[in-house]
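In my numbering, the protein residues as written are 128 to 167.
Note that beta-carbon positions come from the ideal geometry of N, C-alpha and C, so glycine has one too.
As the structure is a computational prediction, the values presented were derived from the model and not from experiment.
Data block below; observations after.
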Amino acid sequence: AEEDGTIKIYWGGADQVMCVGTAKIDDLIDLCLKNPRPAI
């Protein structure tokens with residue numbers, strides 16, 4: 128994590144490109160808590 132609370136998230140796209148996104152850790156936690164996945 129960066130000093131400002133952001134993280135970089137890397138993922139592959141179609142096995143040909145590498146993508147990166149940034150997000151604030153607090154925003155990700157809020158999103159997960161407010162939008163839980165349904166039970167399987």
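Quiz item: In terms of alpha-carbon separation, which member of Ala141, Thr149 and Gly139 lies closest to Ala128?
Solution: Thr149
Quiz item: On the three-state DSSP scale, how would you describe Ile169?
Solution: Residue coverage of the chain in this structure runs from 128 to 167, which leaves residue 169 outside it and unanswerable.
Self-check item: Residue from Trp138, Cys159 and Pro163 with nearest C-alpha to Lys151
Solution: Cys159
Quiz prompt | Terminal residues of the beta strand (DSSP E) in which Ala216 lies | solution = In the structure displayed, the chain extends from 128 to 167; residue 216 sits before or after that span and is not available.
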